[in-house]
Amino acid sequence: MASPQSESSLPGATLKGKIVLVTGGAKRIGRGIALRLAQEGARVAIHYNRSEAEARRTAEECGGAELFRANLESVPEIQQMFADVEQRLGRLDGLVNNAARFTRFDPLAITEKDWDFIHSVNLKAVFFCCQQAARIMQKQDEGRIVNISSLGGIRPWAEHAHYCASKAGVIHLTRALAKAFAPRTTVNSVAPGVIPFDDIDERGKRMIENTPAGRGGTPAEVADAVVFFLKSSNFVTGQILAVDGGLSQR
Ligand SMILES: NC(=O)c1ccc[n+]([C@@H]2O[C@H](COP(=O)([O-])OP(=O)(O)OC[C@H]3O[C@@H](n4cnc5c(N)ncnc54)[C@H](OP(=O)(O)O)[C@@H]3O)[C@@H](O)[C@H]2O)c1
Numbered sequence: 003m004a005s006p007q008s009e010s011s012l013p014g015a016t017l018k019g020k021i022v023l024v025t026g027g028a029k030r031i032g033r034g035i036a037l038r039l040a041q042e043g044a045r046v047a048i049h050y051n052r053s054e055a056e057a058r059r060t061a062e063e064c065g066g067a068e069l070f071r072a073n074l075e076s077v078p079e080i081q082q083m084f085a086d087v088e089q090r091l092g093r094l095d096g097l098v099n100n101a102a103r104f105t106r107f108d109p110l111a112i113t114e115k116d117w118d119f120i121h122s123v124n125l126k127a128v129f130f131c132c133q134q135a136a137r138i139m140q141k142q143d144e145g146r147i148v149n150i151s152s153l154g155g156i157r158p159w160a161e162h163a164h165y166c167a168s169k170a171g172v173i174h175l176t177r178a179l180a181k182a183f184a185p186r187t188t189v190n191s192v193a194p195g196v197i198p199f200d201d202i203d204e205r206g207k208r209m210i211e212n213t214p215a216g217r218g219g220t221p222a223e224v225a226d227a228v229v230f231f232l233k234s235s236n237f238v239t240g241q242i243l244a245v246d247g248g249l250s251q252r
């Protein structure tokens, strides 16, 4: 691979053979990202926590992806997972921090437990996954980290204040770590708008009606943006790309 000073992984670069770990990769958006990376020729590693059956199915569809289980609330489990990744796969070229939680509460009623439930996974775990990945990547010529944030980290949502704060944290963490890990490891973020699944509620439907594109997004569209950052040179770092049909411009 190229030295950190050179224009490594120029656009058009391939993900063929690159080892990329996707957290929460069993289903929904994470599954879409994992499948897309496998199509690009990457050697995908899929993290899951509770969704073992779905993770096994996604891994099979990715051509036999490696599976890693961890409860990301636990920093020791995060550390163990990255030690296992290094031991089983030998290196780590990319990390996609996709796993997260989403709850809705009136901020006047929110408890410490509700706050920690969100922040332990959405922000604290993202930081420690970035740290563990970067420790491996800094030993290599280069690495790529993509954090999945949210439109909620850009625009404020009253009944999701705790979630919005966690995702705004992911966005600023991305910028800070981009500086900290340069020039070897880039850190960027994809901020999805509404990516609907079967459980979409009335609020989600209203957001889609307000979306300039006139529809919700798909996991494949989020995956496109992830692939862009994974393939980009180290001149693209600390960036936030909203994949939201224009909703952040409203
Ligand atoms: N869907 C949307 O409209 C939307 C919009 C904006 C941003 N996003 C962001 O996009 C990403 C994916 O969204 P999604 O809707 O597909 O997510 P999701 O289904 O709600 O969650 C993704 C995965 O996160 C994992 N996870 C949750 N808590 C965990 C824990 N304690 N330890 C380990 N893994 C844990 C779960 O893995 P297991 O099932 O294996 O336990 C889950 O399958 C998230 O970062 C989300 O915030 C989504």
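Just add 2 to wherever you are in the sequence shown, counting from 1, and you've got this note's numbering.
Heads up, the beta-carbon is just placed ideally off N, CA and C, and yes, glycines get one too.
Small disclaimer: the values here were computed from a predicted structure and weren't measured.
Best match in Leu153, Thr176, Leu23 and Leu39 for proximity to Ala101 [C-alpha to C-alpha]:
Along the sequence shown, read from residue 1 onward, the residue named residue 101 stands at position 99. Taking only the C-alpha atoms, the option nearest Ala101 is Leu23.
Along the chain, where does the beta strand (DSSP E) that runs through Ile48 open and close?
The count along the sequence shown starts at 1 and reaches residue 48 at position 46. Segment Arg45 to Tyr50, the beta strand (DSSP E) holding Ile48.
Check whether the Cβ atoms of Ala2 and Pro109 sit closer than 7 Å, and answer yes or no.
Past the boundaries of the shown model lies residue 2; the chain is included only from 3 to 252, so the question cannot be answered.
Could you pull the DSSP bridge partners for Leu243 from this structure?
Indexing the sequence shown from 1 puts residue 243 at position 241. Its beta-bridge partners are Val192.
For Glu63, which residues of its own chain have a beta-carbon under 8 Å away from its beta-carbon, when the five flanking residues on both sides are left out?
For the purposes of this step, residue 63 is identified with residue 61 of the sequence shown, where counting begins at 1. Cβ within range, chain order: Leu37 and Ala40.
Beta carbon of Val148 nearer than 7 Å to that of Val98
Residue 148 sits at position 146 when you count from the first residue of the sequence shown. Residue 98 sits at position 96 when you count from the first residue of the sequence shown. Closer than 7 Å, so yes.
Run through the DSSP bridge pairs and tell me what Glu68 is partnered with.
Stepping through the sequence shown from its first residue, residue 68 is reached at position 66. In DSSP, Glu68 forms a bridge with Ala47.
Is Val196 closer than 7 Å to Met209 when the C-beta atoms are compared?
As a position in the sequence shown, residue 209 is number 207, starting the count at 1. As a position in the sequence shown, residue 196 is number 194, starting the count at 1. Contact: yes.
Mapping the DSSP letters down to three states, classify Asn99 as helix, strand or coil.
Along the sequence shown, one-based indexing puts residue 99 at 97. In the structure shown, Asn99 sits in a strand (DSSP, three-state: E or B).
Check for me: the alpha helix (DSSP H) holding Ile156 runs from which residue to which?
Taking the sequence shown and counting its residues from 1, one reaches residue 156 at position 154. Counting along the chain, Ile156 falls outside any alpha helix (DSSP H), and DSSP gives it neither H nor E.
Taking just the CA atoms, how far does Arg252 sit from Ala44?
The count along the sequence shown starts at 1 and reaches residue 44 at position 42. The count along the sequence shown starts at 1 and reaches residue 252 at position 250. Approximately 36 Å, taken between the alpha carbons.
Any heavy atom of ligand 1 closer than 6 Å to the beta-carbon of Glu75?
Walking along the sequence shown from the start, residue 75 turns up at place 73. Yes, ligand 1 has a heavy atom inside 6 Å of this Cβ.
Any idea which residues DSSP pairs Val24 with across the strands?
The residue given as residue 24 occupies position 22 in the sequence shown. Answer is Ile48 and Val98.
Leaving aside the five residues before and after Pro1 along the sequence, list all residues of the same chain whose C-beta is less than 6 Å from its C-beta, in chain order.
This structure leaves residue 1 out entirely; the chain is present only between 3 and 252.
Between which two residues does the beta strand (DSSP E) containing Gly145 stretch?
Here residue 145 refers to the residue found at position 143 of the sequence shown. Counted as a single uninterrupted DSSP element, the beta strand (DSSP E) harbouring Gly145 occupies residues Gly145 to Ile150.
Any heavy atom of ligand 1 closer than 6 Å to the Cβ of Asn51?
Residue 51 sits at position 49 when you count from the first residue of the sequence shown. Correct: Asn51 has its Cβ closer than 6 Å to ligand 1.
Here's the rule: buried if 16 or more other CB atoms are within 10 angstroms of the residue's CB, otherwise exposed. What is Gln140?
As a first step, residue 140 is located in the sequence shown; it is residue number 138 there, counting from the start. It is exposed - the Cβ of Gln140 has fewer than 16 other Cβ atoms within 10 Å.
For a test of your reading of the model: does the CB of Ala102 fall under 6 Å from any non-hydrogen atom of ligand 1? Yes or no.
By one-based count along the sequence shown, residue 102 stands at place 100. It does: the Cβ of Ala102 is within 6 Å (strictly closer) of some heavy atom of ligand 1.
Residue ranges of each alpha helix (DSSP H) within the stretch 169-236, 4 or longer:
204-212 and 221-233
Beta-carbon contacts of Lys18 that lie in its chain and below 8 Å, excluding the five residues immediately before and after
Position 16 of the sequence shown holds residue 18. The beta carbon of Lys18 sits closer than 8 Å to those of Glu42, Gly43 and Ala44, all from its chain and outside the five residues before and after it, given in chain order.
May I ask you to check if the CB of Arg205 is nearer than 6 Å to at least one heavy atom of ligand 1?
What you label residue 205 is simply residue 203 of the sequence shown in a count that begins at 1. Answer for Arg205: no, Cβ out of range of ligand 1.
What residue does the alpha helix (DSSP H) around Gly32 start on, and which one ends it?
For the purposes of this step, residue 32 is taken as the residue at position 30 of the sequence shown. Its alpha helix (DSSP H) spans residues Arg30 to Gln41.
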